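> Below is one structure. I have some questions about it.
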């Protein structure tokens with residue numbers, strides 16, 4: 001696990017029901033790719049318009065990709081996976097420094113991603129619900145990836161999360177990441193990746 005790309009972890013840990021459907025059905029994949037392209041281009045995902053563009057009715061579309069929240073959550077995570085992979089490649093090789101670097105690069109990239117900020121501005125209430133609540137598929141998967149990263153460093157003897165477990169520390173760090181990534185929505189402050197890194201370093205200091 002230690003040398004496995006984070007994106008690989010992100011695509012396999014805690015999969016969603018829609019992810020399984022996308023693996024099995026070509027129509028689901030086609031609808032998902034179309035919606036994902038529109039999202040990256042900064043467009044609002046409208047299920048009626050998406051169905052029309054695919055030449056199907058809404059019932060078929062819902063059968064393929066679920067409801068709008070499920071589709072948006074899967075799109076958001078599909079974009080997080082390569083971002084996590086890039087964070088893993090840029091991170092220090094081991095220890096607390098690696099954990100800090102993964103969180104730092106991932107948080108900074110989200111703060112600076114135009115399509116992501118456009119979504120937060122366009123649908124702030126929905127964005128926070130899909131990204132930061134305990135029912136969120138995105139948060140659940142992010143916690144799973146960070147738990148695996150921390151556990152990998154722990155198993156290698158490069159980092160000790162005690163007195164917390166790897167999962168407890170991962171949940172704390174994800175919450176910190178969220179507080180900086182969505183600072184403009186939560187507290188009206190400007191998201192600041194440098195302050196986020198300083199906070200990660202403080203929490204993980206020896």
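Residue numbers (UniProt numbering): 1 to 206.
Backbone N, C-alpha and C define an ideal beta-carbon position, used for all residues, glycine too.
Predicted, not measured: the structure shown is a model, and the values here were computed from it.
What would DSSP say about residue 65, mapped onto helix, strand or coil?
Assignment of residue 65 by DSSP, reduced to helix, strand and coil, places it in the helix class.
> Let's see if you can read the secondary structure: which residues bound the alpha helix (DSSP H) around residue 149?
Residue 149 -> alpha helix (DSSP H) spans 137–155.
> Nearest to residue 72 by alpha carbon, out of 185, 19, 145, 161?
19
> Would you kindly report the start and end of the unbroken alpha helix (DSSP H) that includes residue 182?
Unbroken run through residue 182: none, as it is neither H nor E.
> Is residue 199 buried or exposed, if buried means 16 or more other CB atoms sit within 10 Å of its CB?
buried
> What are the boundary residues of the alpha helix (DSSP H) that includes residue 27?
26–40
> Which ranges would you report for the alpha helix (DSSP H) in the segment 46–102 if only whole runs of at least 4 residues count?
47–54, 58–65, 68–90
> The alpha helix (DSSP H) spanning residue 127 covers which residue range?
124–132
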